[in-house]
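Novice: This is the structure I want to talk about, given as structure tokens.
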Amino acid sequence: MFIALEGVDGSGKSTQLALLAEALGPDTLKIREPGGTEAAEAIRSTLADPGIPLDTTAELLLFFAARADLVRRVIRPAIEAGRTVVSDRFVDSTEAYQGVARGLGVEVVHELNRIATDGLLPDLTILLRVDPETGLARAESEDRFEAEGVAFQRLVAGAYEEIARREPDRFVVVDGSGSPEEVHTRIMAALGSKARQ
Ligand code: TYD
33 MFIALEGVDG
43 SGKSTQLALL
53 AEALGPDTLK
63 IREPGGTEAA
73 EAIRSTLADP
83 GIPLDTTAEL
93 LLFFAARADL
103 VRRVIRPAIE
113 AGRTVVSDRF
123 VDSTEAYQGV
133 ARGLGVEVVH
143 ELNRIATDGL
153 LPDLTILLRV
163 DPETGLARAE
173 SEDRFEAEGV
183 AFQRLVAGAY
193 EEIARREPDR
203 FVVVDGSGSP
213 EEVHTRIMAA
223 LGSKARQ
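What the sequence shown shows, in our numbering, is residues 33 to 229, in sequence order.
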């Protein structure tokens, strides 16, 4: 099984991913995007640094380079070995951030996602819904995207809502407000109800 967590910056995904992985058991593979391989972590540090000038199309392609390496060398083999994989972000981040918020186009993101992942999609994607302003205030660092400010995060949030509406079978939207324990309880309840569907 493959589960992804999505949300605006500061939505609490990383904390929730750790709690979810713990709840799913010791054999669960926890990854983050961009990252999860040596090459993808190197790409991540370039992408995260607002001090490194980067053209937006180059930025887009770097996300796909990182994803292709992670999917082919880590995620697929783990799924084939029967492991559960949980990921902090996946394909929908690129649609929301680059496709919509950066305005590079949703179609091109779909096509490049298909090439990078060979069509692999999560079985379930959990969207943590938080107010973008609250999220931005909570985000610890100032990366390239957080530096874009609240209007950018609002575009990202709107794009996520749209994807969740378009793909109701793959998505579950969870209220990200409250304590980490409260949000975790909601996520586990959502997982349970999806499993019964
Ligand atoms: P994230 O790990 O959530 O940030 P943090 O350092 O706060 O834990 O994600 C890194 C940033 O990369 C985040 O601002 C969202 C952005 N991003 C994209 O723009 N497109 C993508 O495809 C992905 C995976 C991330």
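Note that CB positions come from ideal geometry on N, CA and C, so glycine has one too.
Assign V140 to one of two classes, buried (16 or more other C-beta atoms within 10 Å of its C-beta) or exposed (fewer than that).
Specialist: Taking the first residue of the sequence shown as 1, we reach residue 140 at position 108. With fewer than 16 Cβ atoms within 10 Å of its Cβ, V140 is classed as exposed.
Novice: When the distance is taken between beta carbons, is A98 closer than 8 angstroms to R76?
Specialist: Position 44 of the sequence shown, counted from the start, is the residue given in the question as residue 76. Position 66 of the sequence shown, counted from the start, is the residue given in the question as residue 98. Yes, Cβ-Cβ distance for R76 and A98 is below 8 angstroms.
Novice: Confirm the yes/no value for this check: CB of R161, any heavy atom of the ligand TYD, distance under 7 angstroms.
Specialist: Translated into the one-based positions of the sequence shown, residue 161 becomes position 129. R161 Cβ: outside cutoff for every heavy atom of the ligand TYD.
Novice: Extract the residue ranges of the beta strand (DSSP E) inside the stretch 144-171, only unbroken runs of 3 or more that lie entirely within it.
Specialist: Segments of the beta strand (DSSP E) lying fully in the stretch 144-171: 156-161.
Novice: Does the separation of the CB atoms of K226 and L156 fall below 8 angstroms?
Specialist: If you number the sequence shown from 1, residue 226 lands on position 194. If you number the sequence shown from 1, residue 156 lands on position 124. Closer than 8 angstroms, so yes.
Novice: Let me confirm a value: E178 is counted as buried when at least 16 other C-beta atoms fall within 10 Å, else exposed. Which label applies?
Specialist: On the sequence shown, position 146 is the one that residue 178 refers to. Buried, by the Cβ-count rule.
Novice: Does the distance between the C-beta of A80 and the nearest non-hydrogen atom of the ligand TYD fall short of 7 angstroms?
Specialist: Position 48 of the sequence shown, counted from the first residue, corresponds to residue 80. Yes, the ligand TYD has a heavy atom inside 7 angstroms of this Cβ.
Novice: Indicate, with yes or no, if the ligand TYD has a heavy atom lying under 7 angstroms from the CB of K62.
Specialist: Counting from one through the sequence shown, the residue named residue 62 turns up at place 30. Because no heavy atom of the ligand TYD lies under 7 angstroms away, the Cβ of K62 does not count as near it: no.
Novice: At what residues does the alpha helix (DSSP H) containing I111 begin and finish?
Specialist: Translated into the one-based positions of the sequence shown, residue 111 becomes position 79. R108 to E112 is the extent of the alpha helix (DSSP H) around I111.
Novice: Return the CA-CA distance between L49 and D59, expressed in angstroms with no decimal places.
Specialist: Within the sequence shown, residue 49 is the residue found at index 17, counting from 1. Within the sequence shown, residue 59 is the residue found at index 27, counting from 1. Distance between the alpha carbons of L49 and D59 is about 14 angstroms.
Novice: Using 8 angstroms as the threshold, is the C-beta distance between G175 and P82 below it?
Specialist: By 1-based counting over the sequence shown, the position of residue 175 is 143. By 1-based counting over the sequence shown, the position of residue 82 is 50. For the record, residue 175 in the displayed sequence is Asp; it is not Gly. Cβ distance < 8 angstroms, so D175 and P82 count as in contact.
Novice: Could you please give me the residues that DSSP links to I35 through a beta bridge?
Specialist: Translated into the one-based positions of the sequence shown, residue 35 becomes position 3. According to DSSP, I35 bridges with V118 and L156.
Novice: With respect to 7 angstroms, is the separation between the Cβ of S125 and the closest non-hydrogen atom of the ligand TYD below this value?
Specialist: Your numbering for residue 125 matches position 93 in the sequence shown. Yes.
Novice: Would you mind reading off the limits of the alpha helix (DSSP H) that contains F184?
Specialist: Reading the sequence shown from its first residue, position 152 is the one you call residue 184. From DSSP, the alpha helix (DSSP H) with F184 extends over V182 to R198.
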